[in-house]
Amino acid sequence: MSTPDSTTFKFYAFLFKWIDPIIALGGAYLNFIDPIGAVTSMAPNSKYDPDQVFLFHQSGGLALAVAFLSAAIPRYSKDITVWRILQFSLLLSDLAGMSGVGFAMARQGRLGGNWTSDDWGCGGSYAFLTLVRLHFLVFSRGISSISDSPTVKKQS
């Protein structure tokens, strides 16, 4: 029988190993393949400027790094400290992303609820991932490692 801890960690393991990388790959796709979509999804009245392609390639490269690290580290390491370090670093990125969404919406006068489906998708995914990461960071305090067995090891 699984404990609440092991059930919770199965959720985190699934999210961090599979969902996080897929979301990050979506960001890489937008920045490398569809930069116009990347611009207009959060700023519908904006125009893509090809002279700023370096920004999209930097963002796309970061998204690829996030996808790789998100997929590899939880598979490679059972050390909870390593997971916590990764999730804290991604939390910083998520907070910056949420800030960007907020500033973009405010700049366009769209904070009042005049949101597009892209706004809901981007803002919603940042909010969801941020809350999950915060919960993980708080919940995982005092846990020493994640095992493949149905229980989670507590630090003494």
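FYI, the numbering for the sequence shown is 1 to 156, going by the UniProt record's numbering. All residues carry an ideal CB built from backbone N, CA and C; glycine is no exception.
Hey, out of F139, L90, T40 and S41, whose CA is closest to S70's CA? L90
Cut-off 6 Å between Cβ atoms - residues of its own chain near D20, not counting five sequence neighbours on either side: S70
Please list the segments of the alpha helix (DSSP H) lying wholly inside the UniProt domain "DUF7704" (10-138), counting only runs of 4 or more residues, in order along the chain. Every alpha helix (DSSP H) of 4 residues or more that sits fully in the UniProt domain "DUF7704" (10-138) is shown, in chain order, as 20-32, 35-42, 53-76 and 80-107.
Proximal residues to F136 (C-beta, below 6 Å), its chain only, five neighbours per side dropped: Closer than 6 Å at the Cβ level, and outside the excluded window around F136, lie Y12 and Q87.
Does the count of Cβ pairs from the stretch 106-119 and the stretch 36-56 closer than 8 Å reach three? yes
Could you check whether L64 and A106 sit closer than 8 Å to each other, using their CB atoms as the reference points? no
Quick one: is G119 buried, meaning 16 or more other Cβ sit within 10 Å of its Cβ, or exposed? Correcting the residue identity first, residue 119 is Asp in this sequence and not Gly. Taking all protein chains in view, the Cβ of D119 is crowded by 16 or more other Cβ atoms within 10 Å, so the residue is classified as buried.
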